[in-house]
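Peer 1:
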Amino acid sequence: MTYDRYLLRSFLHVFAVCLTSTLGLFVVIDLCENLDAFLVRNAERGTGALLWTIGECYAFQSIFFLDRAGPTLTVVSVMVVLVLLQRSGELHPLLASGIPMYRVLAPLIVGSAGFSALFALNQEFVIPQIAHAAFEQRGEAGSTKHQVESLTDHSTRISIDGQSVRLGERTVDQAVFVLPAPTLVTEITILEASEAKFYPAKGTRPAGWLLRGVQPIPSEIERRLTNRGRELVRLQSDSPHAFVATSVTCDQLFKRNSSFSLLSTPELIDRIHSPAMGLVSVHRLVLHLHSRLVQPALNLIAVLIAIPLMVRRESPGLVADSALCGFVLALVFGLTQASQVLGASQVVPADLAAWIPVVFGGTIAAWLSGVIQS
Numbered sequence: 022m023t024y025d026r027y028l029l030r031s032f033l034h035v036f037a038v039c040l041t042s043t044l045g046l047f048v049v050i051d052l053c054e055n056l057d058a059f060l061v062r063n064a065e066r067g068t069g070a071l072l073w074t075i076g077e078c079y080a081f082q083s084i085f086f087l088d089r090a091g092p093t094l095t096v097v098s099v100m101v102v103l104v105l106l107q108r109s110g111e112l113h114p115l116l117a118s119g120i121p122m123y124r125v126l127a128p129l130i131v132g133s134a135g136f137s138a139l140f141a142l143n144q145e146f147v148i149p150q151i152a153h154a155a156f157e158q159r160g161e162a163g164s165t166k167h168q169v170e171s172l173t174d175h176s177t178r179i180s181i182d183g184q185s186v187r188l189g190e191r192t193v194d195q196a197v198f199v200l201p202a203p204t205l206v207t208e209i210t211i212l213e214a215s216e217a218k219f220y221p222a223k224g225t226r227p228a229g230w231l232l233r234g235v236q237p238i239p240s241e242i243e244r245r246l247t248n249r250g251r252e253l254v255r256l257q258s259d260s261p262h263a264f265v266a267t268s269v270t271c272d273q274l275f276k277r278n279s280s281f282s283l284l285s286t287p288e289l290i291d292r293i294h295s296p297a298m299g300l301v302s303v304h305r306l307v308l309h310l311h312s313r314l315v316q317p318a319l320n321l322i323a324v325l326i327a328i329p330l331m332v333r334r335e336s337p338g339l340v341a342d343s344a345l346c347g348f349v350l351a352l353v354f355g356l357t358q359a360s361q362v363l364g365a366s367q368v369v370p371a372d373l374a375a376w377i378p379v380v381f382g383g384t385i386a387a388w389l390s391g392v393i394q395s
């Protein structure tokens, strides 16, 4: 148990060093590229406000960085620890006493599994709450205004557009909603509002957008609505606002081909089942969902591939072992990317595309277990 704690502590120390160095490099490079933007947007607020804005920005970015680079840093940390153990000759006395290599290195496997669980929790509970920060401009005091990518609800055929979208506030400025005829209105009607804010479903209220100061006036809209239209467009005679029920969310109006990766798994499943989504979009979401579910297994498989390659019998040297390990892991990574492309192109089913790297990588890890030192 003492050696287990020592090995786990060494692994955590190496991971912390790798994370700090790579994250620090990222922050320095990114800050050098965007320092002018920070200075321009905080010129009149003082040095303290500038430092606070920079710290807040990169605190959010560090969470996204951990999500993207964490699995790679875990494997690199395992490789570095194994190199250090072999250079110091610490493994030979333990192997000579009859302890199997996998038992000796069990803390590395357990630690890697723990980090995989941590990355999954980060993806499910932290990132969805701060997803908007991934798209904020550097140094922006409030929510960044992005250009709206218009979208049509496939279930109601309502088209949504606008001048700009603020993801942090779930708001579209100068919103334009087009109601189709004859399903919702007797003639095509364009609803315009200075601001539209998205509200998720709550209780009996469906998800939808609240259009503030809508034009035409509510009485004119009411005159054009059909029975189906009155179910989706809710008006009050004494209010200048209108509520349009639709499951099209704010993040779907900006970089929707990639922003779904910041959603939690329950949100992904809800969006897959949403009638507002098109078939192509649903396929992309299904592929990403399966890939996310197998990612912890892939992280652990990468570690199980690295261990026997770094401490194999009849080793030609640490440099050669490291090079071979990197080459094999690169092959697995290339297979993963190729499977994603095949899945996105619908050449293979989405679930199969996600599981191909797991099967292939697991087979390699099992086969390599026979070449480890004993």
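Each residue of the sequence shown is one higher than the one before, counting from 22 in the working numbering. Glycine included, each C-beta is placed from N, C-alpha and C at the ideal position. On a predicted model such as this, the values are computed, not experimentally measured, just so you know.
1) Report the residue from Gly132, Gly45, Ile211, Met122 whose alpha carbon sits nearest the alpha carbon of Asn320.
2) Could you tell me the boundaries of the beta strand (DSSP E) in which Ser118 lies?
3) Candidates Gly69, Leu126, Asp51, Thr74: which alpha carbon is nearest Gln26's?
4) Would you call Arg334 buried or exposed, if buried means 16 or more other Cβ atoms sit within 10 Å of its Cβ?
5) Could you check the C-alpha separation between Glu252 and Pro201 for me, to the nearest Å?
6) Starting from the C-beta of Ala318, find all residues in its chain whose C-beta is less than 6 Å away, skip the five residues before and the five after it, and write them out in chain order.
7) Could you tell me which of Pro221, Ile238, Ile179, Trp230 sits nearest to Arg249, measuring between CA atoms?
8) At which residues does the alpha helix (DSSP H) containing Leu356 begin and terminate?
9) Would you kindly work out how many angstroms separate the C-alpha atoms of Ser279 and Pro121, rounded to a whole number?
10) What are the boundary residues of the beta strand (DSSP E) that Ile181 is part of?
11) Counting pairs of beta carbons, one from the region 101-121 and one from the region 61-69, are three or more of them closer than 8 Å?
12) Below 8 Å on the Cβ atoms is my guess for Arg245 versus Glu208; work out the distance and round it to an integer in Å.
13) Residues in its own chain within less than 6 Å of Thr58 by CB, not counting five upstream and five downstream?
14) Is it buried or exposed for Cys78, if we count other Cβ within 10 angstroms and need 16 for buried?
15) Have a look at Gly398 and Leu40 and give me their C-alpha separation to the nearest angstrom.
16) I'd like to check one pair, Gly183 with Asp174: are the Cβ atoms closer than 8 Å?
17) Could you please give me the residues that DSSP links to Gly229 through a beta bridge?
18) Would you grab the beta carbon distance between Val307 and Ala371 for me? Rounded to a whole angstrom, and I think it's under 8 Å.
19) Among Pro203, Ala196, Ser118, which residue has its Cα nearest to the Cα of Ala217?
20) Checking 8 Å against the spacing of the C-beta atoms, do Leu256 and Ala263 come in under that value?
21) Could you check which residue in His153, Gly347, Gly229 has the C-alpha nearest to that of Ser268?
22) Going by beta carbon distance, what residues of the same chain come within less than 6 Å of Lys214, once the five residues before and after it are set aside?
23) Throw me the rounded Cβ distance for the Ile16 and Ile84 pair, which I believe falls under 8 Å.
24) I need the straight-line Cα distance from Ser336 to Ala365, nearest angstrom please.
25) I'd like the span of the beta strand (DSSP E) that includes Val254, first residue to last.
26) Does Thr173 have its Cβ less than 8 Å from a Cβ in chain D?
27) If I measure Cβ to Cβ from Thr225 and keep anything under 7 Å in the same chain, skipping five residues before and after, which residues do I get?
28) What first and last residue would you give for the alpha helix (DSSP H) that runs through Ser185?
29) By the three-class DSSP mapping on this structure, what secondary structure does Asp194 have?
30) Once you ignore the five residues that flank His304 on each side, which residues in its own chain have a CB closer than 7 Å to its CB?
31) Can you have a look at Thr192 and say buried or exposed, based on whether 16 or more other CB atoms are within 10 angstroms of its CB?
Peer 2: In terms of the structure at hand:
1) Gly132
2) Unbroken run through Ser118: none, as it is neither H nor E.
3) The sequence as given places Arg at residue 26; Gln does not occur at that position. Comparing Cα positions, the closest option is Leu126.
4) exposed
5) 14 Å
6) Taken in chain order, the residues that qualify are Val379.
7) Comparing alpha-carbon positions, the option among Pro221, Ile238, Ile179, Trp230 lying closest to Arg249 turns out to be Ile179.
8) 339-365
9) 45 Å
10) Ile181: member of the beta strand (DSSP E) spanning 180-182, first to last residue.
11) no
12) 6 Å
13) The amino acid at residue 58 is misidentified as Thr; the sequence shows Ala. Closer than 6 Å at the Cβ level, and outside the excluded window around Ala58, lie Arg159, Gly160.
14) buried
15) Residue 398 is absent from the structure shown; the chain starts at 22 and stops at 395.
16) no
17) Tyr220, Ala266
18) 4 Å
19) Ala196
20) yes
21) When each option's Cα is compared against that of Ser268, the closest is Gly229.
22) The question names Lys, yet the displayed sequence has Ala at residue 214. Around Ala214: Ala196, Leu232, Arg233, Gly234, Val235.
23) In this structure the chain extends from 22 to 395, so residue 16 is not present and cannot be described.
24) Looking at the two C-alpha atoms, the distance is approximately 40 Å.
25) Per DSSP, Val254 belongs to the beta strand (DSSP E) from 254-256.
26) Absence of chain D from the displayed structure is noted, only one protein chain being present.
27) Hits under 7 Å: none found.
28) Counting along the chain, Ser185 falls outside any alpha helix (DSSP H), though it belongs to the beta strand (DSSP E) covering 185-187.
29) strand
30) Gln367, Ala371
31) buried
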